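K.L.:
Questions regarding the structure given below will be posed in turn.
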Amino acid sequence: MSAIDEAAFRVLAARRLHAEAPPQHSFSDDDLNPTARMIPATEQPKPAAVLVPLVQREDGLNLLLTERQPHLRRHAGQIAFPGGRIDEKDANAVAAALRETEEETGIAPSFVEPIGFLDAYLTSTNYRVVPVVAVLHPGFTVAPQEAEVKDVFEVPLAFLMDPAHHVLHSRDWQGQTRYYYAMPWQERYIWGATAGMIRNLYRLMYETP
């Protein structure tokens, strides 16, 4: 896929992204694993939100992601969108995504323009995540929260929106094989829920109906 321009993306997003946050999830980490499920069926999912931040560069839109610190107890070293649990003090999913993004990356909300939502995604840790798609305006600065975030980096959106780069991988889990999508890019290994949400962005925006 050739470079994706912000103006063209906005036109398509106005037609294809959700205008409101979906109340229920449509995709999950268990979708590829009907016989090796991890998500508890009897527990209420915890609400969360992430930002799907797009940055216009000279050669097209990039997607901004974070790399978690390798010493963390959960999801150590993984690639993730900035975001986290929706707290009681958060007015909605957008407010939570903006707050978490500023805490994790230092990017102020004044530089973030939300333009729509992806389908909600249920993770293996039982979080129902609302992905908020947004454009970052020029002039923002990045200051990673050192305790949690090792790095903040960008990947060309055109690379991630090319289904040829959506590779099905597998791992052993409690004697069973679990499958997941991965999108290796340079030295980064984008996989799991993050890759699942990127696949959702591709489905909504570019997959032929």
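Following the numbering used here, the numbering of the sequence shown begins with 150 at its first residue and continues without gaps.
C-beta: ideal position from N, C-alpha, C; glycine also.
Computed from a predicted structure; not experimentally measured.
Indicate whether the contact test is met: 3 or more Cβ pairs, each with one atom in the region 268-281 and one in the region 349-357, closer than 8 Å.
P.N.:
yes
K.L.:
Is it buried or exposed for L161, if we count other Cβ within 10 angstroms and need 16 for buried?
P.N.:
By 1-based counting over the sequence shown, the position of residue 161 is 12. By the 10 Å Cβ count, L161 comes out exposed.
K.L.:
Examine the Cβ distances between the region 165-184 and the region 202-217 and report whether three or more of them are shorter than 8 Å.
P.N.:
Too few Cβ pairs lie closer than 8 Å, so no.
K.L.:
What does DSSP give as the partner residue(s) for V279 in the beta ladder?
P.N.:
Sequence index remark: in the sequence shown, residue 279 carries index 130 (1-based). Paired residues: A198.
K.L.:
Which residue from D268, Y329, V304 puts its Cα closest to that of P183?
P.N.:
Walking along the sequence shown from the start, residue 183 turns up at place 34. That would be Y329, whose Cα lies nearest to the Cα of P183.
K.L.:
Got a sec? Which residues, its chain only, sit under 6 Å from D208 by beta carbon, not counting five neighbours each side?
P.N.:
As a first step, residue 208 is located in the sequence shown; it is residue number 59 there, counting from the start. Taken in chain order, the residues that qualify are A152.
K.L.:
With DSSP as the reference, please indicate the residues paired to T326 in a beta bridge.
P.N.:
For the purposes of this step, residue 326 is identified with residue 177 of the sequence shown, where counting begins at 1. Looking at the DSSP output, T326 shares a beta bridge with D321.
K.L.:
Please report the straight-line C-alpha distance between I339 and P258, rounded to a whole angstrom.
P.N.:
Locating residue 339 in the sequence shown gives position 190, counting from the first residue. Locating residue 258 in the sequence shown gives position 109, counting from the first residue. The alpha-carbon atoms of I339 and P258 are separated by roughly 25 Å.
K.L.:
Jot down the residue ranges of each uninterrupted beta strand (DSSP E) in the region 243-279, minimum 3 residues, whole runs only, in chain order.
P.N.:
261-266, 269-271
K.L.:
Please return the same chain residues whose Cβ sits closer than 6 Å to the Cβ of F260, not counting the five positions on each side in sequence.
P.N.:
Counted from its first residue, the sequence shown places residue 260 at position 111. Once the five neighbours on either side are set aside, the close Cβ partners of F260 are L285, H286, F289.
K.L.:
Give me, in chain order, the residues of the same chain whose beta-carbon lies closer than 8 Å to that of R320; leave out the 5 immediate sequence neighbours on both sides.
P.N.:
Reading the sequence shown from its first residue, position 171 is the one you call residue 320. Within the same chain, R320 has close Cβ partners T326, R327, Y329.
K.L.:
Taking E155 as part of the beta strand (DSSP E), name the residues at either end of that continuous run.
P.N.:
One-based indexing of the sequence shown puts residue 155 at position 6. Premise fails: E155 lies in the alpha helix (DSSP H), 155-165, not in any beta strand (DSSP E).
K.L.:
Taking F302 as part of the beta strand (DSSP E), name the residues at either end of that continuous run.
P.N.:
What you label residue 302 is simply residue 153 of the sequence shown in a count that begins at 1. First-last of the beta strand (DSSP E) with F302: 298-305.
K.L.:
Using DSSP with H/G/I as helix, E/B as strand and the rest coil, what is L309?
P.N.:
On the sequence shown, position 160 is the one that residue 309 refers to. DSSP places L309 in helix when its eight states are reduced to three.
K.L.:
Should A229 and R217 be called a contact, given that it needs their Cβ atoms to be closer than 8 Å?
P.N.:
Translated into the one-based positions of the sequence shown, residue 229 becomes position 80. Translated into the one-based positions of the sequence shown, residue 217 becomes position 68. Against a cut-off of 8 Å, the Cβ pair of R217 and A229 comes out as a contact.
K.L.:
Output yes or no for whether 8 Å exceeds the beta carbon distance between A296 and D178.
P.N.:
The residue labelled residue 296 in the question sits at position 147 within the sequence shown. The residue labelled residue 178 in the question sits at position 29 within the sequence shown. Contact flag unset, no.
K.L.:
Which whole-angstrom value describes the C-beta separation of L353 and L271, a residue pair presumed to lie in contact below a C-beta threshold of 8 Å?
P.N.:
The sequence position of residue 353 within the sequence shown is 204, counting from 1. The sequence position of residue 271 within the sequence shown is 122, counting from 1. Not confirmed; about 17 Å, so no contact.
K.L.:
Measure the C-alpha to C-alpha separation of A156 and Q323 and round it to an integer number of angstroms.
P.N.:
In the sequence shown, residue 156 corresponds to position 7, counting from 1. In the sequence shown, residue 323 corresponds to position 174, counting from 1. Rounded to the nearest angstrom, the two C-alpha atoms are 47 Å apart.
K.L.:
Determine, using beta carbons only, whether V301 and P293 come nearer to each other than 8 Å.
P.N.:
Residue mapping note: residue 301 aligns to position 152 of the sequence shown, counting from 1. Residue mapping note: residue 293 aligns to position 144 of the sequence shown, counting from 1. Result yes, Cβ atoms of V301 and P293 sit closer than 8 Å.
K.L.:
So, helix, strand or coil for H286, using DSSP?
P.N.:
The residue labelled residue 286 in the question sits at position 137 within the sequence shown. H286 falls in the coil class under three-state DSSP.
K.L.:
Can you tell me where the alpha helix (DSSP H) holding R352 begins and where it ends?
P.N.:
Within the sequence shown, numbered from 1, the residue matching residue 352 stands at position 203. From DSSP, the alpha helix (DSSP H) with R352 extends over 341-354.
K.L.:
State the DSSP-derived secondary structure class of H315, mapped to helix, strand or coil.
P.N.:
Stepping through the sequence shown from its first residue, residue 315 is reached at position 166. The answer is coil: DSSP assigns H315 none of H, G, I, E or B.
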